[in-house]
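Colleague:
Numbering (my numbering), first residue to last: 2 to 127.
Written out as structure tokens, the structure is:
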């Protein structure tokens with residue numbers, strides 16, 4: 002049975018949706034909880050295992066309006082794992098933000114520069 006996880010967002014944690022059957026993961030909202038490692042543990046463990054499988058496609062929609070430096074480290078680790086996976090060419094990341102959110106845009110551009118194998122798109126929402 003395919004893994005599925007859904008967590009509602011709070012004031013300090015993002016909405017999370019993972020649907021392994023559809024090859025899809027989404028983070029949305031804000032992420033500035035103190036214990037980022039604990040929050041992302043199950044997500045990171047699933048992703049690490051999934052990236053070792055033979056999947057046809059995987060899409061990660063990241064629509065975080067705000068996040069702390071600890072979240073940046075977790076996101077970078079996840080993105081680098083995706084970029085280094087054997088099926089990197091089958092991965093698409095959509096970094097979704099408003100045109101006015103300069104900090105989030107610049108962070109996405111920094112990530113984009115470090116990634117060589119996955120499709121990384123900065124997408125502007127309305």
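Positions of the beta carbon are idealized from the N, C-alpha and C atoms, including for glycine.
Measuring alpha carbon to alpha carbon, tell me which residue in 41, 86, 91, 68 is nearest residue 106.
Modeller: What you label residue 106 is simply residue 105 of the chain shown in a count that begins at 1. The candidate whose alpha carbon is nearest that of residue 106 is 68.
Colleague: Could you tell me which residues DSSP puts in a beta bridge with residue 94?
Modeller: What you label residue 94 is simply residue 93 of the chain shown in a count that begins at 1. BP columns for residue 94 point to 61, 121.
Colleague: Nearest-angstrom Cα distance between residue 65 and residue 108?
Modeller: For the purposes of this step, residue 65 is taken as the residue at position 64 of the chain shown. For the purposes of this step, residue 108 is taken as the residue at position 107 of the chain shown. Taking the straight line from one Cα to the other gives about 11 Å.
Colleague: Distance, Cα to Cα, residue 88 vs residue 51?
Modeller: In the chain shown, the residue the question calls residue 88 occupies position 87. In the chain shown, the residue the question calls residue 51 occupies position 50. One C-alpha to the other measures close to 10 Å.
Colleague: Here's a check: name, in chain order, each residue in its chain whose Cβ is nearer than 7 Å to the Cβ of residue 34, leaving out the five neighbours to either side.
Modeller: One-based indexing of the chain shown puts residue 34 at position 33. The residues are 13, 14, 40.
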